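Report on the following structure.
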Amino acid sequence: MEYTQLGRTGLKVSRLVLGTMNFGPQTDEADSHAIMDAALDAGINFFDTANVYGWGENKGRTESIIGNWFAKGGERRDKVVLATKVYGNMGADGPAWPNHDKLSALNIRRAVDASLKRLQTDYIDVYQFHHIDRATPFEEIWQAIDVLVQQGKILYVGSSNFPGYKIAQANEIAARRGGTIGLVSEQCLYNLYERRAEMEVIPAAQEYGLGVIPWSPLHGGLLGGVIKKEVEGGRRSSGRAAEVLADPAVRARIQAYEDLLDKHGLEPGEAALAWLLTRPGVTGPIVGPRTAEQLESAVRAAELELSEELLAGLDEIFPGPGPSPEAFAW
689 MEYTQLGRTG LKVSRLVLGT MNFGPQTDEA DSHAIMDAAL DAGINFFDTA
739 NVYGWGENKG RTESIIGNWF AKGGERRDKV VLATKVYGNM GADGPAWPNH
789 DKLSALNIRR AVDASLKRLQ TDYIDVYQFH HIDRATPFEE IWQAIDVLVQ
839 QGKILYVGSS NFPGYKIAQA NEIAARRGGT IGLVSEQCLY NLYERRAEME
889 VIPAAQEYGL GVIPWSPLHG GLLGGVIKKE VEGGRRSSGR AAEVLADPAV
939 RARIQAYEDL LDKHGLEPGE AALAWLLTRP GVTGPIVGPR TAEQLESAVR
989 AAELELSEEL LAGLDEIFPG PGPSPEAFAW
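In structure tokens form, the structure reads like this:
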């Protein structure tokens, strides 16, 4: 496994990030623990979660599964760079009680303590804002974060689903306050099919020294050989993949993509992950395995080298938007 610095920090992280969103809803605790053990064995040291994972009445369940795994000992916590998130409503389903969601200083304080308890640890390596909060000024957010850093409860701060201008705004305000390192990472939707992040988000992240952590690297399974699986296994696609494949033009592009990779003797899902590892600014994609076999496939992807011919072919099928402002100006 290769390692890289997380953005402009001295923190070394693996080039694959273990996503845990399926732990609880899709994968039971025993299998989740086995996957985390296998990830460490493969050299993956960067684990990502969120306080809301588990969903519905089980919000927080995923963090609890990770906490129980840490409690087994064996230097598990020491070996992991742990990232979790704050923003979502952690109360019962329905509208949030006032101050029980988003990024007020009050909710940040409450949420981090609750996450630490579920995770059975006394610090979080990378504490991430799951979404922008249009109602809370960054001056308040950074004041709350400064306190948590001083208390030793968090070490670094990242963002998720931020537009480029919010990355800039957050870090400019952090710089004016002084003593605050600001955002060091951004999680964004980015893959071969969805490349709009290249226009503003990734350039902003690079300018301000944030590591880019793409989520949904296979676009909900669309880039994982979905048509081939339909033909060979009779298994119809579902979710995001099914929605976009209903468009004949999209289906033709995905067929061309699978045909190109078949020509090169590569598995589509592994090639899609390997492509992200070639992209400027990318620290590592988040892989969310439901099974040990899916984790093994992701690890193989980290070892792939894609030829210039293949990269050019992928660009023809899935062209990016181009740089900003030329992509929308002249």
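Residue numbers (this note's numbering): 689 to 1018. By construction, the Cβ of each residue, glycine as well, lies at the ideal position given by its N, Cα and C atoms. The structure displayed is predicted, hence computed values, not measured ones.
Please name the residue in the options whose C-alpha comes closest to that of residue i.
i, options, result
"Phe758", "Lys790, Met724 and Glu1014", "Met724"
"Gln838", "Ile869, Ile974 and Pro825", "Ile869"
"Leu964", "Leu880, Ala863, Ser847 and Val987", "Leu880"
"Phe817", "Ser847, Ile796 and Leu983", "Ser847"
"Ala930", "Gly909, Ala937 and Ala944", "Gly909"
"Leu1099", "His819, Glu991 and Val701", "The structure shown has nothing for residue 1099, since the chain only spans 689 to 1018."
"Gly840", "Asp801, His721 and Asp947", "Asp801"
"Gln875", "Val938, Ile974 and Ala856", "Ile974"
"Glu984", "Asp781, Leu706 and Val919", "Leu706"
"Ala862", "Phe850, Asp766, Ile829 and Ser873", "Ile829"
"Gly742", "Leu699, Asn777 and Ala990", "Asn777"
"Phe1006", "Ala934, Glu920, Leu994 and Arg884", "Arg884"
"Glu895", "Asn859, Ile942, Ala990 and Ile833", "Asn859"
"Asp810", "Asp766, Gly852, Pro1011 and Gly972", "Asp766"
"Ile796", "Pro783, Val835, Gly972 and Val970", "Val835"
"Val938", "Asn849, Ile915, Arg864 and Phe826", "Ile915"
"Gly976", "Phe711, Pro825 and Pro786", "Phe711"
"Gly748", "Leu804, Ala962, Ile833 and Ala944", "Leu804"
"Thr708", "Thr979, Lys951 and Ile855", "Thr979"
"Gly731", "Glu763, Ile754, Tyr691 and Glu958", "Tyr691"
"Glu827", "Gly744, Ile812 and Gly867", "Gly867"
"Leu1002", "Ser1012, Trp1018, Glu991 and Ala962", "Ala962"
"Gly755", "Glu886, Glu991, Leu933 and Ile812", "Ile812"
Around the C-beta of residue i, are 16 or more other C-beta atoms found within 10 angstroms, so that it is buried, or is it exposed?
i, result
"Val768", "buried"
"Gly913", "buried"
"Ser911", "Residue 911 is actually Leu in this sequence, not Ser. So Leu911 ends up on the buried side."
"Thr966", "exposed"
"Phe1016", "exposed"
"Leu999", "exposed"
"Pro936", "exposed"
"His907", "buried"
"Ser995", "exposed"
"Val919", "exposed"
Report yes if the C-beta distance between residue i and residue j is below 8 angstroms; otherwise report no.
i, j, result
"Gly695", "Leu949", "no"
"Ala751", "Leu843", "It should be pointed out that residue 751 corresponds to Glu in this sequence rather than to Ala. No, they are not a contact pair."
"Leu770", "Val987", "no"
"Asn739", "Lys773", "yes"
"Gly779", "His788", "yes"
"Ala892", "Gly852", "yes"
"Pro905", "Ala960", "yes"
"Gln831", "Ala799", "no"
"Val900", "Thr971", "yes"
"Lys854", "Ile820", "yes"
"Glu685", "Ala989", "With the chain covering 689 to 1018 only, the question about residue 685 has no answer from this structure."
"Val845", "Thr697", "no"
With residue i as the anchor, note down where its beta strand (DSSP E) starts and where it stops.
i, result
"Leu770", "Val769 to Val774"
"Leu877", "Leu871 to Leu877"
"Val814", "Ile812 to Phe817"
"Phe735", "Phe734 to Asp736"
"Val740", "First-last for Val740: undefined, no H or E at that position."
Starting from residue i, trace the alpha helix (DSSP H) both ways and give me its first and last residue.
i, result
"Phe850", "Looking at the DSSP string, Phe850 is not in any alpha helix (DSSP H), and its letter there is neither H nor E."
"Thr750", "Arg749 to Phe758"
"Val705", "No alpha helix (DSSP H) holds Val705; the beta strand (DSSP E) holding it covers Val705 to Gly707."
"Val938", "Pro936 to Lys951"
"Gln831", "Phe826 to Gln838"
For chain D, check one thing: does any of its Cβ atoms lie closer than 8 angstroms to the Cβ of residue i?
i, result
"Gln816", "Although the question refers to chain D, the structure presented lacks it and comprises just one protein chain."
**Item:** Segments of 3+ residues assigned as beta strand (DSSP E) that fall wholly inside the segment 884-932
**Value:** 899-903
**Request:** List in chain order: all unbroken beta strand (DSSP E) runs of 3+ residues lying wholly within the segment 772-797.
**Result:** Listed in chain order, nothing qualifies, since the segment 772-797 has no complete beta strand (DSSP E) run of 3 or more residues.
**Request:** Output the residue ranges of the alpha helix (DSSP H) runs that lie fully inside the segment 970-1018 and measure 4 residues or longer, sorted by chain position.
**Result:** 980-989 and 996-1005
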